[in-house]
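Below is one structure, written out as structure tokens, with a few remarks after it.
Number of protein chains: 2
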Amino acid sequence: MTTEVSNFKDLRADTIESLKPRDRILKTANALFNEYGVNTIGIDRIIAESSVSKRTFYNHFPSKNEVIAAYLESKDWLRFSELDKHVSRVKGGAKAEILAIFDFLEQWFSEDDFNGCAFARGLNDFNQEDVKVLRGKVDLYFEHWGDFIKTRLKTLVEPDEVKILFPQLLSLITGSVIVAQGLGDAKVAQLNKRIAESILAGC
Amino acid sequence: MTTEVSNFKDLRADTIESLKPRDRILKTANALFNEYGVNTIGIDRIIAESSVSKRTFYNHFPSKNEVIAAYLESKDWLRFSELDKHVSRVKGGAKAEILAIFDFLEQWFSEDDFNGCAFARGLNDFNQEDVKVLRGKVDLYFEHWGDFIKTRLKTLVEPDEVKILFPQLLSLITGSVIVAQGLGDAKVAQLNKRIAESILAGC
DNA sequence: TAAAAAGTACACAAATCTGTCTACTTTTTC
DNA sequence: GAAAAAGTAGACAGATTTGTGTACTTTTTA
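As you go down the protein sequences, you meet chains A and B in turn. When we follow the numbering used here, the leftmost residue of the first sequence carries the number 1, and every step to the right adds one. When we follow the numbering used here, the leftmost residue of the second sequence carries the number 204, and every step to the right adds one.
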């Protein structure tokens, strides 16, 4: 069964067989891009593992970049829809909601298929002219973090302080991802939550 | 002119023309891999821009992976030889030396060709069987950070505290890199230095 | 200065990659 | 239930990629 919101779906719970061609492609692409990166995975592999014909693939996605774009958009949507859900259960206002990010990260890092962040990856993968659109998706993702965090910081501190705390918090978040991936330890999220607590202590 | 230490050289100050074939290849590969990543740059491009023949290239590097390995090794060596140099000028003991990392980062982020970290990239690029060796180079880089930081932490705090402070500091470092790259702002290094000061305040 | 080592130039093999085309079959929809 | 839409199967064009082979020239070194 699938949760449908806006244009995106959470396909994680569906089996490949139960899905229609377009979603089979997206689910397969998601798994392969996540594990190996968009550059090392070819269209042919996605086609083979999603059990669609090449024609069907190209009917849904006119080029490889389009399927990568769809992958990034759905990751972005899913990340923040899960974060919103997680945070909606938290009592304690803006500060508690910011701190809850780190519990969310720990959960994410503990997933079996955690393999870093598609968008941190994208900072490196999308530096050429023909993938400008994809780089745009990466920028959007970081803007979404800005929206999430700054909205809450503004209720806690002065604008000047937001300019300091936002990059610090974003560093703690992205640094957690790299360290969790590099050292293979999800607990780093809790260690960094402590730091976040201390830099927000006065609020 | 070139600074020669161990097996590696700092080729940044040399012009392409002044170098012998092997170093021309390395200097060119470094620039291209740095800008576009190892996956999107082909051997042919490196050969063309380093003005060597294909045969010469393959005489020095039996495969593409070998030139990537050489690139990673030299980056690793250069990063820590510069960090050591930077830190050697710092007075104030282990704590001041750890904090000096963030000044070093700010300098790095301010370089014209700063484009993120080759090793954070490698966490994503080297997930397949045929590049296990390269993934090993990435792991070594993170171990070198461990050596640098833990050696100093051990003189300041108890072993249990090292296990907390090291992942935190490494998060601040790697998070700085991502944020500097993503938001295009080198100043994040100084903001995170403040955090490092506060988590080391009791030492 | 002569032999050995290193480099040049470039054709080409083999694999792989993106995207198109044709011909046929199944599923939807009215 | 017939027409339209969607999907299957797979050949293939054209570009690109890594790596080898051949024949010749320049540079080092003993």
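Using N, Cα and C, we set each Cβ at its ideal position, and we do this for glycine too.
Interface residues of chain B facing Asn-192 (chain A) [CB-CB closer than 7 Å]: In the first sequence, residue 192 (chain A) corresponds to position 192, counting from 1. Within chain B, the residues whose beta carbon sits less than 7 Å from that of Asn-192 (chain A) are Gln-371 and Ser-374, listed in sequence order.
Beta carbon of Pro-370 (chain B), beta carbon of Val-188 (chain A): below 8 Å? Against the second sequence, residue 370 (chain B) aligns to sequence position 167. Against the first sequence, residue 188 (chain A) aligns to sequence position 188. Against a cut-off of 8 Å, the Cβ pair of Val-188 (chain A) and Pro-370 (chain B) comes out as a contact.
Would you say Gln-310 (chain B) lies against chain A (beta-carbon separation less than 8 Å)? Here residue 310 (chain B) refers to the residue found at position 107 when the second sequence is read from its first residue. No, Gln-310 (chain B) does not count as interfacial toward chain A.
Taking all protein chains shown into account, do 16 or more other C-beta atoms lie within 10 angstroms of the C-beta of Glu-197 (chain A), making it buried, or fewer, making it exposed? Walking along the first sequence from the start, residue 197 (chain A) turns up at place 197. The residue in question, Glu-197 (chain A), is exposed, as its Cβ has fewer than 16 Cβ neighbours within 10 Å.
So with Cβ pairs under 8 Å, would you call Asn-59 (chain A) a contact of chain B? On the first sequence, residue 59 (chain A) is found 59 positions in, with the first residue counted as 1. Asn-59 (chain A) does not count as touching chain B.
State whether the segment 224-233 of chain B contacts the segment 299-313 of chain B, with contact taken as three or more CB pairs (one from each stretch) at a distance under 8 Å. Verdict: no, contact absent.
State yes or no: is the C-beta of Ile-271 (chain B) within less than 8 Å of the C-beta of Leu-337 (chain B)? Along the second sequence, one-based indexing puts residue 271 (chain B) at 68. Along the second sequence, one-based indexing puts residue 337 (chain B) at 134. The answer is yes: Cβ separation under 8 Å.
Euclidean distance between Cα positions of Gly-146 (chain A) and Arg-152 (chain A): The residue labelled residue 146 (chain A) in the question sits at position 146 within the first sequence. The residue labelled residue 152 (chain A) in the question sits at position 152 within the first sequence. When rounded, the distance between both Cα atoms is 10 Å.
Can you check whether the CB of Asp-76 (chain A) is closer than 8 Å to the CB of Tyr-141 (chain A)? The residue labelled residue 141 (chain A) in the question sits at position 141 within the first sequence. The residue labelled residue 76 (chain A) in the question sits at position 76 within the first sequence. Yes, Cβ-Cβ distance for Tyr-141 (chain A) and Asp-76 (chain A) is below 8 Å.
For Glu-129 (chain A) and Leu-359 (chain B), the rounded distance between their alpha carbons: Start at 1 with the first residue of the second sequence, and residue 359 (chain B) comes out as number 156. Start at 1 with the first residue of the first sequence, and residue 129 (chain A) comes out as number 129. In this structure, the straight-line span from the alpha carbon of Leu-359 (chain B) to that of Glu-129 (chain A) is close to 49 Å.
Secondary structure at Asp-113 (chain A), three-state DSSP: helix, strand or coil? Translated into the one-based positions of the first sequence, residue 113 (chain A) becomes position 113. Residue state, collapsed to three classes: coil.
Of all Cβ atoms in chain B, is any one closer than 8 Å to the Cβ of Phe-104 (chain A)? Start at 1 with the first residue of the first sequence, and residue 104 (chain A) comes out as number 104. Output row for Phe-104 (chain A): interface = no.
Alpha carbon of Ala-201 (chain A) to alpha carbon of Leu-19 (chain A), nearest angstrom: As a position in the first sequence, residue 201 (chain A) is number 201, starting the count at 1. As a position in the first sequence, residue 19 (chain A) is number 19, starting the count at 1. Cα to Cα, Ala-201 (chain A) sits roughly 48 Å from Leu-19 (chain A).
DSSP-derived helix/strand/coil call for Lys-294 (chain B): Within the second sequence, residue 294 (chain B) is the residue found at index 91, counting from 1. In this structure, DSSP gives Lys-294 (chain B) a state outside helix and strand, which the three-state scheme calls coil.
Cβ-Cβ distance between Asn-192 (chain A) and Ser-253 (chain B) below 8 Å: Counting from 1 along the first sequence, the entry for residue 192 (chain A) is found at position 192. Counting from 1 along the second sequence, the entry for residue 253 (chain B) is found at position 50. Taking 8 Å as the Cβ cut-off, Asn-192 (chain A) and Ser-253 (chain B) do not qualify as a contacting pair.
Mind listing the chain B neighbours of Glu-35 (chain A)? Cutoff is C-beta to C-beta under 7 Å, in chain order. Looking up residue 35 (chain A) in the first sequence gives position 35. Asn-330, listed in chain order.
Selected residue, minimal CA-CA separation from Phe-165 (chain A), among A:Arg-79, A:Ile-149 and A:Leu-32: Taking the first sequence and counting its residues from 1, the one referred to as residue 165 (chain A) is at position 165. Contrary to the premise, residue 165 (chain A) reads as Leu rather than Phe in this sequence. That would be A:Ile-149, whose Cα lies nearest to the Cα of Leu-165 (chain A).
Just the Cα atoms here: how many angstroms apart are His-60 (chain A) and Val-87 (chain A)? In the first sequence, counting from the first residue as 1, residue 60 (chain A) sits at position 60. In the first sequence, counting from the first residue as 1, residue 87 (chain A) sits at position 87. Just so you know, the alpha carbons of His-60 (chain A) and Val-87 (chain A) end up roughly 35 Å apart.
Looking at C-alpha atoms only, which residue of B:Lys-298, B:Glu-238 and B:Lys-357 is the closest neighbour of Gln-384 (chain B)? Sequence index remark: in the second sequence, residue 384 (chain B) carries index 181 (1-based). Closest option to Gln-384 (chain B), Cα to Cα, is B:Glu-238.
With DSSP collapsed to three states, give me the class of Lys-150 (chain A). Residue 150 (chain A) sits at position 150 when you count from the first residue of the first sequence. DSSP places Lys-150 (chain A) in helix when its eight states are reduced to three.
Determine the direct distance from the alpha carbon of Phe-307 (chain B) to that of Phe-317 (chain B), and round the result to whole angstroms. Numbered from 1 along the second sequence, position 114 holds the residue referred to as residue 317 (chain B). Numbered from 1 along the second sequence, position 104 holds the residue referred to as residue 307 (chain B). Approximately 13 Å, taken between the alpha carbons.
Going by DSSP, what residue range makes up the alpha helix (DSSP H) through Lys-163 (chain A)? Mapped onto the first sequence, residue 163 (chain A) falls at position 163. Element bounds for Lys-163 (chain A): 159-183.
Which bits of chain A does Ile-398 (chain B) rub up against, with CB to CB less than 7 Å? Along the second sequence, read from residue 1 onward, the residue named residue 398 (chain B) stands at position 195. Simply Gln-168, Ile-195 and Ile-199.
Do you know how far the Cα of Arg-121 (chain A) is from the Cα of Arg-324 (chain B)? Residue mapping note: residue 324 (chain B) aligns to position 121 of the second sequence, counting from 1. Residue mapping note: residue 121 (chain A) aligns to position 121 of the first sequence, counting from 1. One Cα belongs to Arg-324 (chain B), the other to Arg-121 (chain A), and the distance between them is close to 7 Å.
Assuming Ile-41 (chain A) contacts Phe-33 (chain A) (C-beta within less than 8 Å), just tell me the rounded distance between them. Reading the first sequence from its first residue, position 41 is the one you call residue 41 (chain A). Reading the first sequence from its first residue, position 33 is the one you call residue 33 (chain A). That belief holds up - the Cβ atoms of Ile-41 (chain A) and Phe-33 (chain A) are roughly 6 Å apart, short of 8 Å.
Using a 10 Å radius around the Cβ and a threshold of 16 neighbouring Cβ atoms, would you call Ala-321 (chain B) buried or exposed? Counted from its first residue, the second sequence places residue 321 (chain B) at position 118. By the 10 Å Cβ count, Ala-321 (chain B) comes out buried.
Using 8 Å as the limit for Cβ to Cβ distance, is Thr-176 (chain A) near chain B? Looking up residue 176 (chain A) in the first sequence gives position 176. For the record, residue 176 (chain A) in the displayed sequence is Ser; it is not Thr. Yes - at least one Cβ of chain B is within 8 Å of the one on Ser-176 (chain A).
Closer than 6 Å by C-beta to Ala-94 (chain A): which residues in its own chain qualify, once you throw out the five before and the five after it? Chain order, please. Counting from 1 along the first sequence, the entry for residue 94 (chain A) is found at position 94. Correct list, in chain order: Arg-152, Thr-155 and Leu-156.
Reduced DSSP secondary structure (H/G/I, E/B, other) of Phe-211 (chain B): Here residue 211 (chain B) is taken as the residue at index 8 of the second sequence, counted from 1. Strand, per DSSP.
For the alpha helix (DSSP H) containing Pro-21 (chain A), name the first residue and the last one. The residue you call residue 21 (chain A) lines up with position 21 of the first sequence. Note, Pro-21 (chain A): alpha helix (DSSP H), 21-36.
Need the endpoints of the alpha helix (DSSP H) that Ala-392 (chain B) sits in, please. Translated into the one-based positions of the second sequence, residue 392 (chain B) becomes position 189. 391-402 is the span of the alpha helix (DSSP H), which, as asked, contains Ala-392 (chain B).
If we count the other Cβ atoms within 10 Å of its Cβ and call it buried at 16 or more, is Gly-92 (chain A) buried or exposed? Within the first sequence, numbered from 1, the residue matching residue 92 (chain A) stands at position 92. Under this definition Gly-92 (chain A) is an exposed residue.
Only counting the same chain, and skipping five residues up and downstream in sequence, which positions put a Cβ closer than 8 Å to that of Leu-286 (chain B)? The sequence position of residue 286 (chain B) within the second sequence is 83, counting from 1. Counting only Cβ-Cβ distances below 8 Å, and skipping sequence neighbours, we find Ile-304, Phe-307 and Phe-351.
Rounded C-beta distance between Asp-328 (chain B) and Val-241 (chain B)? I'm assuming under 8 Å. Counted from its first residue, the second sequence places residue 328 (chain B) at position 125. Counted from its first residue, the second sequence places residue 241 (chain B) at position 38. About 6 Å separates the two Cβ atoms, so the contact holds.
Select from A:Cys-203, A:Ser-63, A:Ile-46 and A:Ser-6 the residue whose C-alpha is nearest the C-alpha of Ile-16 (chain A). On the first sequence, residue 16 (chain A) is found 16 positions in, with the first residue counted as 1. It is A:Ile-46.
Chain-ordered neighbours of Phe-8 (chain A) on chain B, where CB pairs are closer than 9 Å: Stepping through the first sequence from its first residue, residue 8 (chain A) is reached at position 8. For the C-beta of Phe-8 (chain A), not a single chain B residue is nearer than 9 Å; the gap to the nearest is close to 23 Å.
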